[in-house]
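S.K.:
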Amino acid sequence: MSAHGRAIPMISKPSGPLSGEAHVPGDKSISHRALILGALSVGETRVTGLLEGQDVLDTGAAMRAFGAEVWKDGDAWVVHGFGVGGLAEPEQVIDCGNSGTGVRLIMGVMATSPITATFTGDASLNGRPMARVTDPLALFGARAYGRAGGRLPMTIVGAQMPVPVRYATPVPSAQVKSAVLLAGLNAPGETVVIEREATRDHSERMLTGFGADVSVEDSPEGRIITLKGQPELRPQTIAVPRDPSSAAFPVCAALITEGSDVLVPNIGLNPTRAGLFTTLREMGADLTYENERQEGGEPVADLRARFSPDLKGIEVPPGRAASMIDEYPVLSAVAAFAEGPTYMPGVKELRVKESDRIDAMAQGLRANGIEVEEGEDWWRVQGRGFGNVTGGGTVESRLDHRIAMSFLVFGLAARDGVRVDDGSPIATSFPIFEPLMQGLGAAVARDEA
Numbered sequence: 001m002s003a004h005g006r007a008i009p010m011i012s013k014p015s016g017p018l019s020g021e022a023h024v025p026g027d028k029s030i031s032h033r034a035l036i037l038g039a040l041s042v043g044e045t046r047v048t049g050l051l052e053g054q055d056v057l058d059t060g061a062a063m064r065a066f067g068a069e070v071w072k073d074g075d076a077w078v079v080h081g082f083g084v085g086g087l088a089e090p091e092q093v094i095d096c097g098n099s100g101t102g103v104r105l106i107m108g109v110m111a112t113s114p115i116t117a118t119f120t121g122d123a124s125l126n127g128r129p130m131a132r133v134t135d136p137l138a139l140f141g142a143r144a145y146g147r148a149g150g151r152l153p154m155t156i157v158g159a160q161m162p163v164p165v166r167y168a169t170p171v172p173s174a175q176v177k178s179a180v181l182l183a184g185l186n187a188p189g190e191t192v193v194i195e196r197e198a199t200r201d202h203s204e205r206m207l208t209g210f211g212a213d214v215s216v217e218d219s220p221e222g223r224i225i226t227l228k229g230q231p232e233l234r235p236q237t238i239a240v241p242r243d244p245s246s247a248a249f250p251v252c253a254a255l256i257t258e259g260s261d262v263l264v265p266n267i268g269l270n271p272t273r274a275g276l277f278t279t280l281r282e283m284g285a286d287l288t289y290e291n292e293r294q295e296g297g298e299p300v301a302d303l304r305a306r307f308s309p310d311l312k313g314i315e316v317p318p319g320r321a322a323s324m325i326d327e328y329p330v331l332s333a334v335a336a337f338a339e340g341p342t343y344m345p346g347v348k349e350l351r352v353k354e355s356d357r358i359d360a361m362a363q364g365l366r367a368n369g370i371e372v373e374e375g376e377d378w379w380r381v382q383g384r385g386f387g388n389v390t391g392g393g394t395v396e397s398r399l400d401h402r403i404a405m406s407f408l409v410f411g412l413a414a415r416d417g418v419r420v421d422d423g424s425p426i427a428t429s430f431p432i433f434e435p436l437m438q439g440l441g442a443a444v445a446r447d448e449a
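Using the UniProt record's numbering, you'd call the opening residue of the sequence shown number 1 and step up by one each time.
1. If G441 and G16 are in contact, beta carbons under 8 Å, what's the gap, nearest whole angstrom?
2. Which first and last residues belong to the beta strand (DSSP E) in which A247 is found?
3. Express the C-alpha separation of W77 and G102 in angstroms, rounding to a whole number.
4. Is there contact here, the stretch 142-151 with the stretch 167-175, by at least three beta-carbon pairs under 8 Å?
5. Pick helix, strand or coil for Q230, following the three-state DSSP scheme.
6. Can you give me the start and stop residues for the alpha helix (DSSP H) that V176 sits inside?
7. If I follow the unbroken beta strand (DSSP E) through R304, where does it start and stop?
8. Does the distance from the C-beta atom of G84 to that of E232 stay below 8 Å?
9. Do you know offhand how far F407's Cα is from V330's?
10. Starting from T279 and walking both ways along the beta strand (DSSP E), at which residues does that stretch end?
11. Ordered along the chain, which non-local residues of its own chain (more than five positions away) have a Cβ less than 6 Å from that of D95?
12. Short of 6 Å in beta carbon distance, which residues of its chain neighbour E354, apart from the five on each side in sequence? Order them along the chain.
13. Is the stretch 55-65 close to the stretch 295-307, with three or more CB pairs under 8 Å?
14. For V79 and G385, what's the separation of their Cα atoms in angstroms?
15. In this structure, how does DSSP classify T120 when only helix, strand and coil are distinguished?
16. Over what stretch of residues does the alpha helix (DSSP H) that includes R357 continue unbroken?
17. Is P345 near W378, with beta carbons less than 8 Å apart?
18. On a Cα-Cα basis, can you pick out the residue from N126, T199, G211 that is closest to G38?
19. Once DSSP output is grouped into helix, strand and coil, what is the label at K28?
20. Using a Cβ distance threshold of 8 Å, determine whether the stretch 383-398 contacts the stretch 407-421, with at least three qualifying pairs required.
21. Classify A3 as helix, strand or coil using the three-state DSSP reduction.
22. Rounding to the nearest angstrom, what Cα-Cα distance links K13 and G411 in this structure?
23. Starting from Q294, follow the beta strand (DSSP E) in both directions and report where the run begins and ends.
24. Leaving out the 5 sequence neighbours to the left and right, which residues in its chain are closer than 6 Å to G184 when beta-carbon positions are compared?
25. For M63, does the three-state DSSP call read helix, strand or coil?
26. Can you tell me whether M110 is buried or exposed? The criterion is at least 16 other CB atoms within 10 Å of its CB, across all chains shown.
27. Quick one: what does DSSP say D55 is sitting in, helix, strand or coil?
28. Alpha carbon to alpha carbon, what distance is there between V251 and E448?
29. Just to confirm before moving on: does the CB-CB distance between M324 and T279 stay below 8 Å?
30. Ends of the alpha helix (DSSP H) at H401?
31. Measure the beta-carbon distance from V395 to V420 and round it to whole angstroms, keeping in mind my assumption that it falls under 8 Å.
32. Counting Cβ pairs closer than 8 Å, one from the stretch 161-171 and one from the stretch 187-204, do we hit at least three?
33. Per DSSP, I267 is paired with what?
34. For D135, which of helix, strand or coil comes out of DSSP?
35. For S41, write down the residues that DSSP places opposite it in a beta bridge.
36. Expressed to the nearest angstrom, what Euclidean distance is found between the alpha-carbon atoms of D286 and L105?
Below you can see the structure in the form of structure tokens.
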């Protein structure tokens, strides 16, 4: 049974050519940050293109609980903020649903204010480790009280007298980096985060856009981000670009479905997010960027994906992992239809996502006739080539939206399709996935049997 309510079994079957335009939702990472930074500004922030998935809506509800006004006005969302350090103590437990990004960033926001808040989530989120965030927040003076292993439900007691922090992230994580920077907003002096490997930089870009003093430099230590604390953030008008992580699903579906030609407009191509598209092109995908441009400081383009029957397995550079960490599940689905092995090293972060994504994809692919090898920090999918994948198996989504969508893409080109035990988690990030894919011609549906 799904933690999101009733389980929704789904099936996908071999489809005719996919065609048309796929208007995917707004970028989830930017949507979370737009609501949070709008709440931390003094005045009214207006956001168009916000992803209205449950994860982002839960972040909006959390900002209300801390004292911001958040409402929808026509096609836009409006946030009337309380300013840095202006958080009210919430009266109720903050339920972040399925969102690791939401809960970790919000913990950072409140960690340097003298208030207390308790956080919980669904079964998946409550099983994920939070120490990677609460450990650096403790350096500011915050205290965390959670279940064994640093898991939710968890109460955070904000620092009474926060101090600035210099912190080197032990693993590449935009969530950890962003939580520390958000905590640094209400600390005096300079907070510094050092990344050995660059991760998605939406927080740095958006903090600067809202008026924070943020500098970034490369050094022998890595990428050094410095934030000056206690700014007055200025409200903004934000147009959220469409989400590259959501675009991955119609793009990959087109690449493996015979005769397909799909256009996915207005996709954010921030270089810290676009690793999947680079990898697909290296595999031989017919994937082109059209109408390249800049919007709101972010590179944007329309993606055109055409059926690519001659994909080749490759070794994905481990240094690229941070720029495509959420896209490895759907990449592995595509890799099953390539010729030869696709080797993916440097991906241990996948073990602690909404599910253990390496194990979830490996078990599901094996159930559909694909050979997979795995280690703690790597996995290898042995591609069978287009036309040679049988499918026909049933896979467990494990309360993970990306696992569910990846196998529904896989089933479009597998001879006997595929069944997913529960597609309900898809609503957390891509609530229009089913009608969007059906509109392109994909045989994706709820399994009423």
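For glycine and all other residues, C-beta sits at the position ideal for the given N, C-alpha and C.
M.R.: Working from what's here:
1. Position 441 of the sequence shown, counted from the first residue, corresponds to residue 441. Position 16 of the sequence shown, counted from the first residue, corresponds to residue 16. At roughly 6 Å, the Cβ-Cβ gap stays under 8 Å, so G441 and G16 are in contact.
2. Against the sequence shown, residue 247 aligns to sequence position 247. Run containing A247: none in the beta strand (DSSP E); it sits in the alpha helix (DSSP H), 244-256.
3. One-based indexing of the sequence shown puts residue 102 at position 102. One-based indexing of the sequence shown puts residue 77 at position 77. In a straight line, the C-alpha of G102 is about 17 Å away from that of W77.
4. no
5. Numbered from its first residue, the sequence shown carries residue 230 at position 230. DSSP places Q230 in coil when its eight states are reduced to three.
6. Residue mapping note: residue 176 aligns to position 176 of the sequence shown, counting from 1. Looking at the DSSP string, the run of the alpha helix (DSSP H) that includes V176 is 174-184.
7. To locate residue 304, count along the sequence shown from 1; it is residue 304. Taken as a continuous stretch (DSSP letters only), the beta strand (DSSP E) holding R304 covers 298-306.
8. Within the sequence shown, numbered from 1, the residue matching residue 84 stands at position 84. Within the sequence shown, numbered from 1, the residue matching residue 232 stands at position 232. The displayed chain sequence assigns Val, not Gly, to residue 84. In this structure, V84 places its C-beta atom within 8 Å of the C-beta atom of E232.
9. Locating residue 407 in the sequence shown gives position 407, where the first residue counts as 1. Locating residue 330 in the sequence shown gives position 330, where the first residue counts as 1. So the alpha carbons of these two residues sit roughly 8 Å apart.
10. One-based indexing of the sequence shown puts residue 279 at position 279. Note, T279: premise wrong, no beta strand (DSSP E); alpha helix (DSSP H) at 275-282.
11. As a first step, residue 95 is located in the sequence shown; it is residue number 95 there, counting from the start. For D95, the CB contacts under 6 Å within the same chain, skipping 5 residues up- and downstream, are T120 in chain order.
12. Taking the sequence shown and counting its residues from 1, the one referred to as residue 354 is at position 354. Closer than 6 Å at the Cβ level, and outside the excluded window around E354, lie S124, D400.
13. Three or more beta-carbon pairs separated by less than 8 Å are not found between the stretch 55-65 and the stretch 295-307, which leaves the two stretches without contact.
14. Residue 79 sits at position 79 when you count from the first residue of the sequence shown. Residue 385 sits at position 385 when you count from the first residue of the sequence shown. The alpha-carbon atoms of V79 and G385 are separated by roughly 49 Å.
15. Here the question's residue 120 lines up with position 120 in the sequence shown. Note: T120 maps to strand in three-state DSSP.
16. Taking the first residue of the sequence shown as 1, we reach residue 357 at position 357. Where R357 is concerned, the enclosing alpha helix (DSSP H) stretches over 357-366.
17. Counting from one through the sequence shown, the residue named residue 345 turns up at place 345. Counting from one through the sequence shown, the residue named residue 378 turns up at place 378. Their beta carbons are under 8 Å apart, which means P345 touches W378 by this criterion.
18. Within the sequence shown, numbered from 1, the residue matching residue 38 stands at position 38. For the options N126, T199, G211, the alpha carbon positioned closest to that of G38 is the one of G211.
19. Taking the first residue of the sequence shown as 1, we reach residue 28 at position 28. Residue state, collapsed to three classes: helix.
20. Yes, since at least three Cβ pairs between the stretch 383-398 and the stretch 407-421 fall closer than 8 Å, the two stretches touch.
21. Residue 3 sits at position 3 when you count from the first residue of the sequence shown. Because A3 carries a pLDDT of 44, less than 50, the predicted location of this residue cannot be relied on, and no value is offered for it.
22. Indexing the sequence shown from 1 puts residue 13 at position 13. Indexing the sequence shown from 1 puts residue 411 at position 411. Within the model, the alpha-carbon separation for K13 versus G411 is close to 5 Å.
23. As a working note, residue 294 is residue 294 in the sequence shown. Annotation: the continuous beta strand (DSSP E) that includes Q294 extends over 286-295.
24. Within the sequence shown, numbered from 1, the residue matching residue 184 stands at position 184. The answer, listed in chain order, is T191, L227, G229.
25. The sequence position of residue 63 within the sequence shown is 63, counting from 1. In this structure, M63 counts as helix in the three-state DSSP scheme.
26. Locating residue 110 in the sequence shown gives position 110, where the first residue counts as 1. With 16 or more Cβ atoms within 10 Å of its Cβ, M110 is classed as buried.
27. As a working note, residue 55 is residue 55 in the sequence shown. Of the three classes helix, strand and coil, the one that applies to D55 here is helix, per DSSP.
28. Against the sequence shown, residue 448 aligns to sequence position 448. Against the sequence shown, residue 251 aligns to sequence position 251. The alpha-carbon atoms of E448 and V251 are separated by roughly 27 Å.
29. In the sequence shown, residue 324 corresponds to position 324, counting from 1. In the sequence shown, residue 279 corresponds to position 279, counting from 1. Yes. Within cutoff.
30. Working through the sequence shown from its first residue, we reach residue 401 at position 401. First-last of the alpha helix (DSSP H) with H401: 401-411.
31. Taking the sequence shown and counting its residues from 1, the one referred to as residue 395 is at position 395. Taking the sequence shown and counting its residues from 1, the one referred to as residue 420 is at position 420. The Cβ separation is near 6 Å, so the contact holds.
32. Touching, yes.
33. The residue labelled residue 267 in the question sits at position 267 within the sequence shown. Per the DSSP secondary-structure output, I267 pairs in a beta bridge with R242, A301.
34. Position 135 of the sequence shown holds residue 135. D135 falls in the helix class under three-state DSSP.
35. Translated into the one-based positions of the sequence shown, residue 41 becomes position 41. The partner list for S41 (beta bridge, DSSP) reads L233.
36. Position 286 of the sequence shown holds residue 286. Position 105 of the sequence shown holds residue 105. Approximately 37 Å, taken between the alpha carbons.
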